[in-house]
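Residue numbers (our numbering): 14 to 202.
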């Protein structure tokens with residue numbers, strides 16, 4: 014018996030693929046390339062990341078506008094790979110570029126949301142009085158940029174690849190896409 018979350022996921026996946034298929038059918042007759050969709054999608058995600066910190070000025074305008082722009086960028090992200098596959102334009106480098114730019118756009122938006130929360134909620138409302146309780150004569154809001162930098166370094170260290178790229182990405186960047194396939198054959202031989 015299928016669970017409710019599995020049914021929702023299956024329904025969402027089927028619906029998204031159907032919409033993407035219709036959109037790609039229309040895009041195939043245009044001069045729009047998968048790379049153009051990728052660049053536009055990641056650019057929109059970066060715009061959304063810039064808008065998120067301004068939510069304290071006008072939540073309805075900036076936060077929700079940023080969310081809407083992020084959704085449009087994410088939809089373009091879905092369409093770029095589908096367009097490449099439908100048009101026979103897939104390459105290993107294109108797949109690598111698409112995957113990498115997807116993570117960059119998502120990372121910027123998630124980072125902006127995390128830093129906005131830390132700056133406008135966590136530090137002023139929760140942690141700001143901590144130094145005074147320890148007998149120190151400053152507030153954490155005075156150190157917000159230092160805290161942000163420290164948190165970004167921590168985020169880079171604890172991400173799956175660590176500070177340095179994982180072995181596969183490092184090989185792709187230095188020797189080219191697909192170079193690690195020869196290493197797999199040597200390793201298994």
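Glycine residues also receive a C-beta, built at the ideal position from the N, C-alpha and C atoms.
For clarity, every value in this text was computed on a predicted model and none was experimentally measured.
Assigned secondary structure, residue i (DSSP; H/G/I helix, E/B strand, else coil)
i	result
residue 142	coil
residue 16	coil
residue 151	coil
residue 115	helix
residue 197	Low confidence applies here, because residue 197 scores a pLDDT of 40, under 50, leaving its location unreliable; read the following figure in that light. Reduced to three states, the DSSP call for residue 197 is helix.
residue 130	helix
Inter-residue CB distance, residue i and residue j (contact presumed, cutoff 8 Å)
i	j	result
residue 54	residue 89	4 Å
residue 125	residue 47	No, residue 125 and residue 47 are not in contact; Cβ-Cβ is about 26 Å, not under 8 Å.
residue 129	residue 68	6 Å
Same chain, Cβ closer than 7 Å to residue i, neighbours up to 5 away in sequence not counted
i	result
residue 121	58, 59, 62
residue 36	92
residue 21	none
residue 111	51, 93, 94
residue 117	55
6 Å CB neighbourhood of residue i in its chain, flanking five on each side removed
i	result
residue 98	none
residue 30	none
residue 134	none
residue 82	57, 60, 61
Close-in-space but distant-in-sequence residues of the same chain around residue i (CB under 8 Å, 5 per side omitted)
i	result
residue 15	23
residue 144	150, 151, 152, 153
residue 102	46, 47, 96
residue 17	none
residue 100	41, 47
If we require 4 or more residues per run, which alpha helix (DSSP H) segments fall completely within the region 25-107?
Qualifying alpha helix (DSSP H) stretches, in chain order: 47-64, 77-99.
Touch test, the region 37-44 against the region 74-81, Cβ-Cβ under 8 Å, three pairs minimum
These segments do not touch.
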